[in-house]
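K.L.:
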């Protein structure tokens, strides 16, 4: 991929974006308020969070198991600010973004010195800590009872209907996607991939590894917090059980389904992940097992995510007799 900067897209990305736009435009028209409408709506929220983890994992090589905590911070900021202090949804989301930045700085500064398993384990501990605070600080968070009565997202005091909310969620998701893609294709993207490839080598050529990793960690924290705020307005209720370790694992799975270095794949990874439970529910008590089995098969046969399907279809090899030379037909 050429890192030309700007909003230039390669043919595969243009196709993926076009399909996503068609899905967003046609879903409310064709599906109304059906279960599929709900699936695609929730997939938009998860897409924002998945883009955050894809940036972090795919471009710095750090797998965070604490993203659910940032989603919780965004969601609880919205819940508390709107229900207790009468803040507007925009003001509440801004508070969530600020708290995610502060938390990201506090957590990222010590933890980004760690790598691999140790980083994942430390972020897991952060996620557990946040969930325990939400559970134990009853006077402020209402503990396991959660916070009900979150208002629907509104603009100028006028609440969004489900269709308007659907378009807003996906509008935010696509804006985040294009911003992340622009970052990845810029000079910054080259720097990040150099860090992901070999941190020591990157440092020897003058790259401030800690600074760039912190930048992406903070950006990832903010994106995840925004998705948490949207989730609060979608569910109209939040509780600690929604933001456990499993949520962080789900976000990593979504990123893997789409391809950990493929930002556009986050859309399809989120949609697949939201559809899977509905498909697996047909198996009754085997739902969780079947969902896990499907994910395992996808990871085994498509280790680079569903975007690999397109790549395989475009690239074939031809045997030339005894020499058995391979020719890339795409070129």
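In this note's numbering, the protein residues as written are 56 to 386. By construction, the Cβ of each residue, glycine as well, lies at the ideal position given by its N, Cα and C atoms.
Please state whether the Cβ-Cβ distance between residue 224 and residue 108 is less than 7 angstroms.
P.N.:
no
K.L.:
Which parts of the stretch 84-169 are runs of the alpha helix (DSSP H), unbroken and 4 residues or longer, counting only runs that do not cross its ends?
P.N.:
90-115, 122-139, 144-166
K.L.:
Would DSSP call residue 209 helix, strand or coil?
P.N.:
strand
K.L.:
Which residues does DSSP list as the beta-bridge partners of residue 293?
P.N.:
202
K.L.:
In chain order, what residues of the same chain lie with their CB nearer than 7 angstroms to the CB of residue 318, ignoring the 5 residues before and after it?
P.N.:
106, 109, 232, 235, 236, 239
K.L.:
May I ask you to verify whether the stretch 193-212 touches the stretch 137-150, counting CB pairs closer than 8 angstroms and requiring at least 3?
P.N.:
yes
K.L.:
What span of residues does the alpha helix (DSSP H) with residue 225 cover, start to end?
P.N.:
Residues 217-240.
K.L.:
Mind checking which residues open and close the alpha helix (DSSP H) that includes residue 171?
P.N.:
Counting along the chain, the unbroken alpha helix (DSSP H) around residue 171 starts and ends at 171-191.
K.L.:
Leaving out five residues before and five after residue 268 in sequence, what residues of the same chain have Cβ atoms less than 6 angstroms from its Cβ?
P.N.:
Same-chain partners within the cutoff: 115, 167.
K.L.:
Within the same chain, show all residues whose beta-carbon is closer than 8 angstroms to that of residue 290, passing over the 5 residues directly before and after it, in chain order.
P.N.:
205, 297
K.L.:
Does the separation of the CB atoms of residue 102 and residue 321 fall below 7 angstroms?
P.N.:
yes
K.L.:
Distance check for residue 170 and residue 157, CA to CA, integer angstroms please.
P.N.:
22 angstroms
K.L.:
If contact is defined by three or more beta carbon pairs under 8 angstroms, each pair taking one atom from either stretch, is the stretch 150-165 in contact with the stretch 129-136?
P.N.:
yes
K.L.:
Helix, strand or coil for residue 379, going by three-state DSSP, please let me know.
P.N.:
Its pLDDT being 37, under 50, residue 379 is placed unreliably in this model, and the value from its coordinates should be taken loosely. Reduced to three states, the DSSP call for residue 379 is coil.
K.L.:
Check whether the stretch 83-92 and the stretch 249-263 touch, using three or more Cβ-Cβ pairs below 8 angstroms as the test.
P.N.:
no
K.L.:
Taking just the CA atoms, how far does residue 247 sit from residue 162?
P.N.:
20 angstroms
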